[in-house]
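Visitor: Below you will find the structure I want to go over with you.
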Amino acid sequence: MVVQLLRHQFTVKQFHKMAESGILSENDRVELIRGEMIDMSPIGTRHSGCVNRLVNLLIQLLGKKIVLSAQNPVELDEISEPQPDIALLKPRPDFYSNAHPQPEDIFLLIEVADTTVKYDRQVKIPLYAEANISEVWLIDVNQEIIEVYRHPHQGIYQDMQTLEKNQSLSIFAFPGVSINVSEIF
Numbered sequence: 239m240v241v242q243l244l245r246h247q248f249t250v251k252q253f254h255k256m257a258e259s260g261i262l263s264e265n266d267r268v269e270l271i272r273g274e275m276i277d278m279s280p281i282g283t284r285h286s287g288c289v290n291r292l293v294n295l296l297i298q299l300l301g302k303k304i305v306l307s308a309q310n311p312v313e314l315d316e317i318s319e320p321q322p323d324i325a326l327l328k329p330r331p332d333f334y335s336n337a338h339p340q341p342e343d344i345f346l347l348i349e350v351a352d353t354t355v356k357y358d359r360q361v362k363i364p365l366y367a368e369a370n371i372s373e374v375w376l377i378d379v380n381q382e383i384i385e386v387y388r389h390p391h392q393g394i395y396q397d398m399q400t401l402e403k404n405q406s407l408s409i410f411a412f413p414g415v416s417i418n419v420s421e422i423f
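Note that the sequence shown covers residues 239 to 423 in our numbering.
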């Protein structure tokens with residue numbers, strides 16, 4: 239006998255309704271990926287320290303050229319609303335209080351990973367490519383490396399490079415801004 243598990247697919251609108259009605263609370267650490275609610279991993283100290291360093295560094299370097307959104311949702315399409323660790327967004331007077339950012343609002347998404355490297359690489363990075371996000375960084379705090387993904391085409395990033403300590407990188411949207419990888423760890 240074969241047992242088939244039933245899955246229920248949710249839309250972003252349904253996901254928001256669950257939050258509005260109290261089914262999901264602000265304390266529920268879930269994100270919507272391809273219509274499925276996915277529990278997010280607890281945040282460890284190395285992870286949070288890296289995010290804090292990045293927030294500080296990026297605000298110093300880019301200031302009012304961006305809205306820096308930390309661990310907040312981005313709405314990629316009707317069935318995916320992930321919560322990247324950092325999103326560099328185009329400035330808007332409402333600071334995205336009227337609607338979550340959409341792909342066209344995003345300069346850069348950053349995922350910081352300690353226990354979720356494989357999931358981020360195999361699930362979230364392809365999801366971002368399909369949404370045509372121009373640049374994504376996957377920061378592996380255990381290996382102390384940064385994978386930089388750029389130039390999505392037909393749902394696949396065409397350019398990927400891995401950077402280690404003492405190497406420099408820039409943000410595609412801000413080529414004059416240089417960051418040493420060591421500053422992030």
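Note that the Cβ used here is the ideal one computed from N, Cα and C, for glycine as well.
1. Using a C-beta cutoff of 9 Å, does I281 count as contacting chain D?
2. Please list the segments of the beta strand (DSSP E) lying wholly inside the segment 284-364, counting only runs of 3 or more residues, in order along the chain.
3. Within 10 angstroms of the Cβ of Q399, are there 16 or more other Cβ atoms? Answer buried if so, exposed if not.
4. What is the DSSP secondary structure of S408, counted as helix, strand or coil?
5. Under 9 Å, do V305 and L327 count as touching if we go by C-beta distance?
6. Between L295 and L243, what straight-line distance do the alpha-carbon atoms span, to the nearest angstrom?
7. Would DSSP call Q247 helix, strand or coil?
8. Apart from the five residues just before and just after Q321, which ones in its own chain have a Cβ nearer than 8 Å to its Cβ?
9. Should H285 be labelled buried (16 or more other beta-carbon atoms within 10 Å of its own) or exposed?
10. Looking at C-alpha atoms only, which residue of R245, P280, I348 and E319 is the closest neighbour of V293?
11. Helix, strand or coil for S420? Go by DSSP, reduced to three states.
12. From which residue to which residue does the beta strand (DSSP E) around R272 run?
13. Are the segment 407-423 and the segment 379-390 in contact at 8 Å, needing three or more beta carbon pairs?
14. Could you have a look at Q242 and say whether DSSP puts it in helix, strand or coil?
15. List the residues that DSSP assigns as beta-bridge partners of Y366.
16. Using the rule of at least 16 other Cβ atoms within 10 Å of the residue's Cβ for burial, across every protein chain shown, is P390 buried or exposed?
17. So, is P413 buried or exposed, given that buried needs 16 or more other C-beta atoms within 10 angstroms?
Guide: So, to answer that:
1. In summary, chain D is missing from the structure at hand, where a single protein chain is found.
2. 305-308, 324-327 and 344-351
3. Here the question's residue 399 lines up with position 161 in the sequence shown. Q399 comes out exposed.
4. Here residue 408 is taken as the residue at index 170 of the sequence shown, counted from 1. Strand at S408.
5. Here residue 305 corresponds to residue number 67 of the sequence shown, with the count starting at 1. Here residue 327 corresponds to residue number 89 of the sequence shown, with the count starting at 1. Cβ distance < 9 Å, so V305 and L327 count as in contact.
6. In the sequence shown, residue 295 corresponds to position 57, counting from 1. In the sequence shown, residue 243 corresponds to position 5, counting from 1. Cα-Cα distance, rounded: 45 Å.
7. Residue 247 sits at position 9 when you count from the first residue of the sequence shown. Coil.
8. As a first step, residue 321 is located in the sequence shown; it is residue number 83 there, counting from the start. Hits under 8 Å: E269, M278, Q309, N310, P311 and V312.
9. Within the sequence shown, the letter at position 47 stands for residue 285. Burial call: buried.
10. Here residue 293 is taken as the residue at index 55 of the sequence shown, counted from 1. When only C-alpha atoms are compared, the closest one is I348.
11. Stepping through the sequence shown from its first residue, residue 420 is reached at position 182. Of the three classes helix, strand and coil, the one that applies to S420 here is helix, per DSSP.
12. The sequence position of residue 272 within the sequence shown is 34, counting from 1. It is not in any beta strand (DSSP E) - R272 carries neither H nor E in the DSSP assignment.
13. yes
14. Residue 242 sits at position 4 when you count from the first residue of the sequence shown. Here Q242 sits in coil by DSSP.
15. Counting from 1 along the sequence shown, the entry for residue 366 is found at position 128. Per DSSP, none; premise fails for Y366.
16. What you label residue 390 is simply residue 152 of the sequence shown in a count that begins at 1. It counts as buried.
17. Here residue 413 refers to the residue found at position 175 when the sequence shown is read from its first residue. Burial call: exposed.
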